[in-house]
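According to UniProt numbering, the sequence shown is numbered sequentially starting from 1.
Right, one structure below, let's go through it.
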Amino acid sequence: MTTCKVCSAPTFMVCGRGCRVAYCSQEHLNQDWLRHKYTDCVQRSGVPNLTAVNLLNPLNTLPTVLAIFFNPSSEEHTFQRVTIREYNSPDLSAFFPNDTPKALRMTQTVGSSNARFPLHIWFSPRARSAHTPKNRAIAALTQGHERRQWCGPVIVLKLAGRRTRTYRDVTDVDFVTLTQYFIDY
């Protein structure tokens with residue numbers, strides 16, 4: 001029997017990437033995720049594993065990815081976990097409780113080169129017409145230089161490739177491209 005990497009409790013939930021690391025709960029997996037993703041699995045294979053969201057799925061739980069949430073009522077963005085439902089559809093109901101969000105697919109990086117991992121920018125298409133306040137987090141990120149007035153909540157997910165609908169975790173590196181996009185769009 002294997003033991004949990006975090007608390008050493010006995011467990012049967014082993015990483016699906018073949019690196020022989022186990023966790024006793026989804027909470028411990030989430031707690032250790034970044035270290036695990038970039039050390040355990042990389043050391044085992046020798047190269048970073050760029051597959052999307054399916055690290056460990058012990059009891060048919062739905063996978064999650066890290067996304068950037070721009071809260072309209074705060075000047076700070078936050079990283080939030082988003083559950084990916086069947087058919088690689090993100091569950092955004094917590095961010096858009098009374099609306100169906102629309103997505104823009106951002107395929108260009110700064111300098112107009114093709115993005116290896118495009119970003120999906122989810123927003124409320126009705127927020128501007130409903131006179132929802134301007135998104136303060138985006139205004140703070142762009143220092144007020146955004147061309148379009150973004151209103152309501154905005155959440156950004158990262159695709160695992162140009163021709164896929166699977167998602168992977170966003171990183172701080174994505175902010176350069178996002179900031180430029182919010183300024184130019």
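C-beta: ideal position from N, C-alpha, C; glycine also.
For clarity, every value in this text was computed on a predicted model and none was experimentally measured.
Taking residue i as the reference, give the member of the options with the closest Cα.
i           : options              : result
residue 36  : 109, 159, 4 and 157  : 4
residue 64  : 163, 26 and 7        : 26
residue 160 : 110, 151 and 67      : 67
residue 175 : 70, 94 and 164       : 70
residue 136 : 114, 75 and 85       : 75
residue 109 : 97, 149, 129 and 185 : 185
residue 118 : 103, 178 and 158     : 158
residue 83  : 116, 168 and 144     : 168
Between which residues of its own chain and residue i is the CB-CB distance below 6 Å, once the five residues before and five after are set aside?
i           : result
residue 181 : 106
residue 111 : none
Which residue comes first and which comes last in the beta strand (DSSP E) that contains residue i?
i           : result
residue 33  : That residue, residue 33, is in no beta strand (DSSP E); its alpha helix (DSSP H) goes 26-35.
residue 165 : Residue 165 -> no beta strand (DSSP E), and no H or E assigned at all.
In terms of residues, what are the limits of the alpha helix (DSSP H) holding residue i?
i           : result
residue 175 : 174-184
residue 62  : Careful: residue 62 lies outside any alpha helix (DSSP H) and carries neither H nor E.
residue 139 : 136-141
Let me know the secondary structure DSSP gives residue i once reduced to three states.
i           : result
residue 126 : coil
residue 115 : strand
Counting only the same chain and skipping the five closest in sequence on each side, list residues whose C-beta sits under 7 Å from that of residue i.
i           : result
residue 99  : 124 and 126
residue 146 : 138, 139, 182 and 183
residue 235 : The question about residue 235 has no answer here: the residues shown for the chain are numbered 1 through 185.
Skipping 5 residues on each side, what residues in its chain have a beta carbon closer than 8 Å to that of residue i?
i           : result
residue 142 : 179, 182 and 183
residue 115 : 106, 107, 108, 109, 162 and 177
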